[in-house]
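*Asks:* At position 146 of the sequence shown (counting the first as 1) the number is 146 in UniProt numbering, and the numbers step up by one without a gap. Even for Gly, the Cβ is constructed at its ideal location relative to N, Cα and C. Quick caveat: nothing in here was measured; it's all calculated off a predicted structure.
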Amino acid sequence: ANSMSWLGDIYYMQDRYKEASEMISEAQQLFQKIENKLGVAECLQRLGNVHSMQGRYDEAIGMISDAQKQFGSFGNQLRAADSLWSLGEIYRQQKKYDEATEMTLEAQKQYEEIRSKEGVAQCLRTLGEIYDDQAQYDEAADMFSKAQIQYQSIGRIVDVAWCYQHLGITHRSQGQYEKANEAFTEALELF
1 ANSMSWLGDI YYMQDRYKEA SEMISEAQQL FQKIENKLGV AECLQRLGNV
51 HSMQGRYDEA IGMISDAQKQ FGSFGNQLRA ADSLWSLGEI YRQQKKYDEA
101 TEMTLEAQKQ YEEIRSKEGV AQCLRTLGEI YDDQAQYDEA ADMFSKAQIQ
151 YQSIGRIVDV AWCYQHLGIT HRSQGQYEKA NEAFTEALEL F
């Protein structure tokens, strides 16, 4: 079952979504037969991700929500938080910003409870993107700056660079070209 699931992941990374969905579904059925709850929940999460990439958002939301509940039911708070973050991303893609914010803030809260700095940083960056999408540039810049600090503290330099890039875009959108230039220069030095 694990091998099928991993093969599904490879197909997913190759944008071969039909094959990914088939492999992951088969793996999920095998995990159900052997009563491996974690395997079932992980497959639901993966299938949700596949559907999301295909623009099948309602199906993705249903599967990832189920996975989130299952992860929570057996105490895997990290994976439950990951699922909430994924839901926030899907809602953001759909421009459902209230739902996106709610899911992302809930994920952030859970990441904070388990002291996952990477998860918190990921949520801060997503919140920045949500605000930026809505032209709430001051709030976006604040979130990107906070995410950058979090990523810096755990040595995720590429993510620090991405935060600087997002800051540059946000400053440029506000007509703050000098600040944008500084942020883009910082990003360029890190890439």
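#1: Go through its chain and collect everything with a Cβ distance to D82's Cβ below 6 Å, but skip five positions before and after it.
#2: Express the C-alpha separation of I34 and F184 in angstroms, rounding to a whole number.
#3: Leaving out five residues on either side along the sequence, give the residues of the same chain with a beta carbon under 6 Å from the beta carbon of A27.
#4: Is DSSP giving R156 helix, strand or coil here?
#5: Using three-state DSSP, classify D98 as helix, strand or coil.
#6: Please state the DSSP three-state secondary structure of A41.
#7: For K37, I'd like the list of residues in its chain whose CB is within less than 7 Å of its CB, leaving aside the five on either flank, ordered along the chain.
#8: Terminal residues of the continuous alpha helix (DSSP H) containing Q136?
#9: How would you write the range of the alpha helix (DSSP H) that R79 sits in, first residue to last?
#10: Hey, how far is the Cα of E113 from the Cα of A107?
#11: Excluding sequence positions up to five away, which residues of its chain have a Cβ less than 6 Å from the Cβ of S21?
#12: Which of the three DSSP states, helix, strand or coil, is assigned to D132?
#13: For Y151 versus E139, is the C-beta spacing smaller than 8 Å?
#14: Do the CB positions of Q148 and V160 come within less than 8 Å of each other?
#15: Identify, in the order they occur along the chain, each residue of the same chain with its Cβ nearer than 6 Å to the Cβ of R79, setting aside the five sequence neighbours on each side.
#16: Please report the distance separating the alpha-carbon of L84 from that of L47.
#17: Identify the continuous alpha helix (DSSP H) that holds G62 and give its terminal residues.
#18: In chain order, what residues of the same chain lie with their CB nearer than 8 Å to the CB of V40, ignoring the 5 residues before and after it?
*Replies:* This is what the structure holds:
#1: none
#2: 51 Å
#3: A1, M4, S5, C43
#4: coil
#5: helix
#6: helix
#7: Q70, F74
#8: Per DSSP, Q136 belongs to no alpha helix (DSSP H) and is neither H nor E.
#9: 77 to 93
#10: 10 Å
#11: V50
#12: helix
#13: no
#14: yes
#15: F71
#16: 15 Å
#17: 57 to 73
#18: Q28, F31, Q32, Q70
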